[in-house]
Amino acid sequence: MKYLNVKIVTFLIAVTITVVGFAQETELPNVKILATGGTIAGSASSATSGSYEAGQIGIQTMINAVPGIKKLADVSGEQIANVGSQDMTIAIWLKLANRINELLASDDVDGIVITHGTDTQEETAYFLSLVVKSDKPVVLTGSMRSSTSISAEGPLNLYNAVAIASNKEAKGKGVMVSLNDQIHAARDVSKMNTTNVNSFQSPIKGMLGGVFYGRLGFFREPNTKFGSKSKFSVDGVRKLPRVDIIYAYADMSPDLIDVHVKAGAKGIVIAGVGNGNMTDAILNAAKKAYEDHGVIVIRSTRAATGWVLRDNEFKDDKYYTVASGDLNPSKSRILLMLALSEGEKLDTIQNLFYTY
Ligand code: GLU
């Protein structure tokens, strides 16, 4: 009898361990979806209308529109903003970054998805990649077609983004952007087409990975500093120094530099022609802006892809300019704003463009 009791107790312990073990194995990852608006939350008066209003649909409605999403993860949503991303602001970036850092510091959150308009999605992604202090996955997504459009691709993009944010392989890859079955690194991706669903590309380095109805794989590692290795932080930051972008063109007037300096810019990015080139007059105005006001001028390019090399057609040292490498103008602006906010000076800023 005593022997039988021992057997029963042993059996019950074994069952308990199996049930608890099974429960742990099948526990879904926790993914928080932070919504900011955009076309994915946009609605139009007809399914075949290309004109619509962005940022109309709330996050819970979006989650409910994605079949199977709750089998991928325990998802919950939070509305951070509801704007077309042309109205994205530094204030919203700071709010988003602080909330993400707070959420990812908790053991209860495994990954973050951000829904966002596509116009400035690459900027938000790059900003976050520099100031989010966690190796857990953060994935931005959106859509080119509004939620009421025929063949709206938002629900599948959101499903895939949640799959990426739930996947252990995505840890340590930094902030990512995923639309149209592709996964891109925040630093490398650009919106390349105004209307096509295949708009997002990483023209220099290529995709980070791919995703197909939630199944995913990575092809390479991002190779610059981000996340917990980044020196930048938004702790206690309320605003960032003003940095403006000037688009270069043939015979541009050098007084443009003065206009931005007078308006209070602490840094200027020139979307230069070709390899970050600009007229002699602009170069001399850039030199003067640094000498007289300490304004840092970055040479980036208006070309869609390619490097801007230091000391290429002229010596950067002579004009106190910084070459952007492969950072496009809008991302160069973000890096310069963060660098200036940390008190970085001309002699250290070039190196930041090589490493971040
Ligand atoms: N202007 C809108 C936005 O960026 C449209 C782009 C989109 O989301 O596709 O929010």
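For reference, each letter of the sequence shown is one residue, going 13 to 368 in the working numbering.
From the three backbone atoms N, C-alpha and C, an ideal C-beta is built for every residue, glycine too.
query: For the ligand MN, is there any heavy atom lying closer than 8 angstroms to the beta carbon of K237?; result: Absence of the ligand MN is noted for the structure shown, with the ligand GLU being the only ligands found.
query: Tell me, please, whether the stretch 106-120 touches the stretch 246-266 by the rule of three or more beta-carbon pairs shorter than 8 angstroms.; result: yes
query: Give, in chain order, every unbroken run of the beta strand (DSSP E) that is at least 3 residues long and sits entirely within the stretch 281-367.; result: 308-313, 333-335
query: In whole angstroms, give me the CA-to-CA distance for V187 and F139.; result: 9 angstroms
query: So does the stretch 177-187 actually touch the stretch 89-96, counting three or more Cβ pairs closer than 8 angstroms?; result: no
query: Going by C-alpha to C-alpha distance, which of F224, V78, T132, S88 sits closest to N205?; result: T132
query: Distance check for V285 and P341, CA to CA, integer angstroms please.; result: 12 angstroms
query: Exposed or buried, which one is E325 when buried takes at least 16 other CB atoms within 10 Å?; result: exposed
query: Would you mind sorting Y368 into buried or exposed? The rule is 16 or more other CB atoms within 10 Å of its CB.; result: buried
query: R199: buried (16+ other C-beta within 10 angstroms of its C-beta) or exposed?; result: buried
query: For A77, which of Y171, T60, A293 has the nearest alpha-carbon?; result: Y171
query: Under 8 angstroms by Cβ, that's how I've got V151 and V125 pegged, so tell me the actual separation to the nearest angstrom.; result: 5 angstroms
query: Where T333 and N235 are concerned, what is the direct C-alpha to C-alpha distance, given to the nearest angstrom?; result: 25 angstroms
query: Tell me which residue opens and which closes the alpha helix (DSSP H) that V151 is part of.; result: Run containing V151: none in the alpha helix (DSSP H); it sits in the beta strand (DSSP E), 150-153.
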